[in-house]
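Listed in order, the protein sequences are those of chains W and C.
According to my numbering, the first sequence holds residues 1 to 421 in order.
According to my numbering, the second sequence holds residues 422 to 754 in order.
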Amino acid sequence: MKTDVVGSRVLREDSWGKVFGQTKFPADVNLPNQLYGVVVRSPHPHARILSINSEEAMKLAGVAAVLTAKDVPHNSHGVLFRDQPVIADYVRMVGDPVAVVGAETMEIAREAAERIRVDYEILPPIFDPEEAMKPEVPSLHPELQPTNVLYHLPIRRGSLEEGWVKSDVVVEQVYKTPHVDHAFLQPEAVLAYLDERGHMVVQTATQYAHYDRGEIAHALGFRYSQVQVKTLAVGGAFGGREDISLQIIAALLALKTQRAVKMENTREESFYSHSKRHPMTMYYKTGAARDGKLVALQAKIIGDAGAYASWSVNVLRKSAVHATGPYAIPNVEIDSFAVFTNNPFTGAMRGFGAAQTVLAYESQMDLLAKKLGISPLEIRLRNCFQVGSITATGQELTSSVPLDQCLAKIAPYFRSEVETL
Amino acid sequence: MKKRGIGLGCAWYGTGYGNGFPDVSSAFVEIHDDGSATVLTGAVDVGQGSSSIFAQIAAEELGLRAEDICVNTADTDVTPDSGTTAATRQTYNTGNAVLKAVRQAKSRLLTFAAREFSCPTPEGIELKAGYIGVKGDPSRRMILGYMVFKARLNGERFISAESSTARSTPVDLTSGQGAPYWPYSFGCQAAEVEVDTETGKVKVLKVIAVHDVGKALNPTQVEGQIAGGVTQGIGYALLEELELQKGMIKNPAFSSYLIPTALDVPKIEAYFVEEAEESGPYGAKGLGEPAMLPTVAAVINAIDDAVGVRITALPATPEKILQALAEKKEELG
Chain W
1 MKTDVVGSRV LREDSWGKVF GQTKFPADVN LPNQLYGVVV RSPHPHARIL SINSEEAMKL
61 AGVAAVLTAK DVPHNSHGVL FRDQPVIADY VRMVGDPVAV VGAETMEIAR EAAERIRVDY
121 EILPPIFDPE EAMKPEVPSL HPELQPTNVL YHLPIRRGSL EEGWVKSDVV VEQVYKTPHV
181 DHAFLQPEAV LAYLDERGHM VVQTATQYAH YDRGEIAHAL GFRYSQVQVK TLAVGGAFGG
241 REDISLQIIA ALLALKTQRA VKMENTREES FYSHSKRHPM TMYYKTGAAR DGKLVALQAK
301 IIGDAGAYAS WSVNVLRKSA VHATGPYAIP NVEIDSFAVF TNNPFTGAMR GFGAAQTVLA
361 YESQMDLLAK KLGISPLEIR LRNCFQVGSI TATGQELTSS VPLDQCLAKI APYFRSEVET
421 L
Chain C
422 MKKRGIGLGC AWYGTGYGNG FPDVSSAFVE IHDDGSATVL TGAVDVGQGS SSIFAQIAAE
482 ELGLRAEDIC VNTADTDVTP DSGTTAATRQ TYNTGNAVLK AVRQAKSRLL TFAAREFSCP
542 TPEGIELKAG YIGVKGDPSR RMILGYMVFK ARLNGERFIS AESSTARSTP VDLTSGQGAP
602 YWPYSFGCQA AEVEVDTETG KVKVLKVIAV HDVGKALNPT QVEGQIAGGV TQGIGYALLE
662 ELELQKGMIK NPAFSSYLIP TALDVPKIEA YFVEEAEESG PYGAKGLGEP AMLPTVAAVI
722 NAIDDAVGVR ITALPATPEK ILQALAEKKE ELG
């Protein structure tokens with residue numbers, strides 16, 4: 001199809017404002033007479049809160065309010081399950097919000113936050129997902145699962161036994177990936193206020209304004225139509241702005257004080273107030289026949305969900321579905337697990353579970369190629385998906401599968417390398 | 422000694438929420454009396470450029486320029502819900518919703534214009550370069566805005582609302598069988614690295630990235646996604662790791678949590694393959710996430726090619742490489 005505008009190098013309308021510094025990010029918007037909000041976060045990974053003493057904080061001139069779990073009308077939020085407290089009375093990770101201060105200046109708010117005394121009953125934490133999986137370990141979320149295994153997806157196709165018989169070479173290896181932060185440039189910031197209609201207005205940077213609206217409305221007991229979330233310029237997201245961070249807390253403070261509320265994370269606070277990329281341990285065993293064709297894959301993938309579910313179910317599902325790489329393998333046994341621990345909660349990040357598995361399946365391809373005595377390019381050409389290929393989940397790829405064309409474009413770089421050797 | 426190597430990485434990515442989760446995008450369109458138009462959608466532009474893509478789609482359909490289209494997004498009092506800017510879904514999914522909405526408004530405009538021009542069928546009307554007229558008859562055309570204004574005098578407005586839903590089915594919980602995502606996006610990258618065997622430091626010299634995009638709706642933005650993805654992939658391969666001690670983050674600062682800086686970004690050659698995905702707007706599919714996926718494998722495989730050690734735990738820090746080199750030396754005796 002011939003097109004004029006589609007396919008052309010149209011300049012982005014937002015580029016001028018960004019280049020000239022006119023773009024408004026949420027940190028740039030303020031209202032006269034606004035309060036500043038600061039969150040008090042738990043230093044413990046697993047604890048029950050026995051009491052909170054805010055007397056010393058309230059004595060400070062300029063402190064308008066200190067809010068705790070009991071001040072939240074409906075104290076939960078979450079993208080898949082509402083398993084995360086807005087303000088915690090039971091702590092499952094370092095950084096869980098346990099109180100919120102509203103004050104006339106940011107400095108007063110920070111000083112007041114320091115003066116709040118929280119009495120914790122420390123509970124035994126668990127950090128290793130493979131330990132946490134064991135049935136005798138108490139579940140961190142008994143309301144969701146009786147053990148810490150939040151999710152297990154098995155994928156079964158063909159016969160692994162047959163696959164190993166057909167394998168002339170087998171490579172077995174364990175791969176590990178770490179917790180990763182989205183490291184977006186703009187820390188979380190929110191401006192929240194009640195407008196002349198009595199509606200809650202929340203200006204922020206998010207990946208999904210309508211989701212934020214629903215969670216704010218739920219927690220505060222508002223109708224959707226009484227909450228307006230307006231997205232200002234987003235300074236990077238990468239999945240780290242899918243879960244709620246400060247939105248509900250700021251709105252709650254605005255509701256309780258009937259004042260506009262401004263909140264802005266420091267970088268350190270930002271590290272504690274959004275999800276992380278799942279660290280994964282991936283046990284891989286892959287077999288190929290002498291002709292270079294993959295015939296068997298056994299994979300076990302364990303992902304650390306951390307303290308809350310967030311998108312862990314979907315992320316580990318994606319890991320399992322993509323575990324073969326873009327290759328046809330007839331005999332497959334894949335098991336992926338999402339496991340609760342007292343580590344920082346993990347959720348969406350660019351690649352969403354399919355980023356970790358690339359390390360495993362593509363390392364296996366190179367190791368197999370070496371054993372078979374063929375080039376890395378050759379083994380991929382012999383196995384890559386085409387139109388009509390069937391994936392490990394039994395899905396037929398019916399159109400637009402041009403990996404062979406992509407490889408053809410990159411092939412000259414590898415051929416010239418061979419010539420110079 | 423500095424040793425060079427080249428590595429290859431391939432990846433695939435099922436786009437959309439997947440697994441039968443309702444994956445719906447919506448858009449409102451209004452064509453104005455002056456020949457400009459407004460698109461309203463909940464889709465947040467997080468910096469990747471989705472708003473420009475929607476302007477291009479609307480402009481293409483209406484025979485206008487992208488700057489004639491105002492795209493308003495992500496204000497819940499004003500715009501319809503379009504799902505998360507995630508899952509590599511906005512160009513594909515909201516792009517489809519915008520396309521459906523603009524075509525709905527356009528079809529009523531064409532019907533009105535056919536009557537005005539006494540043309541027997543709306544198929545005989547075209548929108549081009551800001552004009553509306555009868556195909557192949559330059560004497561029967563007028564400025565688009567004037568036609569829209571004429572319609573107002575007749576009590577007709579060109580306003581539309583549409584939604585688009587991606588296709589996917591849930592996988593079986595005991596066998597994993599099903600069709601969880603559609604469409605899938607593919608890509609491969611090659612990385613050339615230099616490994617310093619004295620310090621263990623890896624320098625990425627060049628990355629060649631080839632990605633399947635269905636149709637590049639805006640090639641500059643395709644290149645931008647690839648450059649950003651490769652850079653993030655290099656960080657994942659070589660630098661980034663949250664250090665935890667009893668659940669406490671030991672490096673919650675950019676001085677200790679290292680991400681690539683401009684000096685770490687190599688020469689990037691970005692290419693794309695266009696094989697239309699029939700269910701996408703103009704054949705397009707998403708590239709947001711796939712752009713970063715192959716990089717980590719290309720870099721890790723290149724390290725092996727350069728110095729013969731296999732790093733199996735990210736990130737490939739100088740310490741890990743020196744240790745692997747020492748172990749290899751020991752093995753060789």
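Backbone N, C-alpha and C fix where the C-beta goes; we use that ideal spot for every residue, glycine too.
All of these numbers come straight from a predicted model, not from anything done at the bench.
Chain-ordered chain W contacts of residue i [CB-CB under 8 Å]
i	result
I680 (chain C)	A183
F675 (chain C)	A183, R267
P736 (chain C)	P178
Other residues of its chain near residue i: CB distance less than 6 Å, five sequence neighbours each side excluded
i	result
N672 (chain C)	E664, Y678
V40 (chain W)	V98, A99, A113, I116
E172 (chain W)	K285
P330 (chain W)	G158
P534 (chain C)	According to the sequence shown, residue 534 (chain C) is Ala rather than Pro. Only I546, I553, M568 meet the Cβ criterion.
G17 (chain W)	T23
Spatial distance of residue i from residue j (CA atoms)
i	j	result
I580 (chain C)	T542 (chain C)	21 Å
G554 (chain C)	L548 (chain C)	7 Å
M280 (chain W)	Y151 (chain W)	14 Å
D558 (chain C)	R578 (chain C)	26 Å
V401 (chain W)	D496 (chain C)	36 Å
S596 (chain C)	S375 (chain W)	34 Å
E378 (chain W)	G704 (chain C)	29 Å
Q666 (chain C)	P125 (chain W)	12 Å
G37 (chain W)	I249 (chain W)	9 Å
P26 (chain W)	F238 (chain W)	17 Å
Y413 (chain W)	T204 (chain W)	45 Å
G656 (chain C)	I680 (chain C)	6 Å
Proximal chain C residues relative to residue i, where beta-carbon distance stays under 7 Å
i	result
Q173 (chain W)	T733
A250 (chain W)	Near A250 (chain W) there are no residues of chain C at all, since even the closest Cβ is about 16 Å away, more than 7 Å.
S399 (chain W)	E698, E699
Chain C residues whose Cβ lies nearer than 8 Å to that of residue i
i	result
E242 (chain W)	T505, A507
R48 (chain W)	In chain order: nothing, as chain C lies at least about 16 Å away.
D128 (chain W)	Here the premise fails: no neighbours, minimum Cβ distance about 11 Å.
I334 (chain W)	G597
7 Å Cβ cut-off: residues of chain W touching residue i
i	result
V465 (chain C)	T206, Q207, Y208, A209, T231, V234
I756 (chain C)	Nothing can be reported for residue 756 (chain C), as the shown portion of chain C is limited to 422 through 754.
Classification of residue i by the beta-carbon crowding that lies within 10 angstroms, buried from 16 upward
i	result
K749 (chain C)	exposed
I122 (chain W)	exposed
M349 (chain W)	buried
T420 (chain W)	Its pLDDT being 40, under 50, T420 (chain W) is placed unreliably in this model, and the value from its coordinates should be taken loosely. Exposed, because fewer than 16 other Cβ atoms sit within 10 Å of the Cβ of T420 (chain W).
M282 (chain W)	buried
E136 (chain W)	exposed
N440 (chain C)	buried
Residues bridged to residue i [DSSP beta-bridge criterion]
i	result
S581 (chain C)	C:V450
F607 (chain C)	C:W433
F337 (chain W)	W:H152, W:I302
M1 (chain W)	Answer by DSSP bridge pairing: none, since M1 (chain W) is not bridged.
L253 (chain W)	None, per the DSSP bridge assignment.
D51 (chain W)	For the record, residue 51 (chain W) in the displayed sequence is Ser; it is not Asp. Paired residues: W:D119.
L194 (chain W)	W:M200
Q228 (chain W)	W:V201
T393 (chain C)	The question about residue 393 (chain C) has no answer here: the residues shown for chain C are numbered 422 through 754.
Q84 (chain W)	W:H77
G428 (chain C)	C:A612
Y552 (chain C)	C:K549, C:I564
Test: residue i CB closer than 9 Å to a CB of chain D
i	result
L530 (chain C)	Here the protein chains are W and C, and chain D is not one of them.
Contacts around residue i, its chain only, beta-carbon distance under 8 Å, and the 5 residues preceding and following it disregarded
i	result
R223 (chain W)	A217
V91 (chain W)	S42, H44, P45, H46, A47, R48, I49, V98, Y120
G388 (chain W)	E396, L397, T398
L60 (chain W)	A103, I108, E111, A112, R115
T346 (chain W)	H179, S275, K276, R277, H278, P279, G303, D304, A305, G306, S310, S312, V315
Neighbouring residues, chain C, relative to residue i (Cβ below 9 Å)
i	result
Q84 (chain W)	Those within 9 Å of Q84 (chain W) in chain C number zero; the least Cβ separation is about 16 Å.
Own chain residues within Cβ distance below 7 Å of residue i, not counting five before or after
i	result
C384 (chain W)	P326, Y327, L403, D404, L407
Q386 (chain W)	V401, D404
S408 (chain C)	Residue 408 (chain C) is absent from the model: chain C starts at 422 and stops at 754.
T177 (chain W)	P279, M280, Q356, L359
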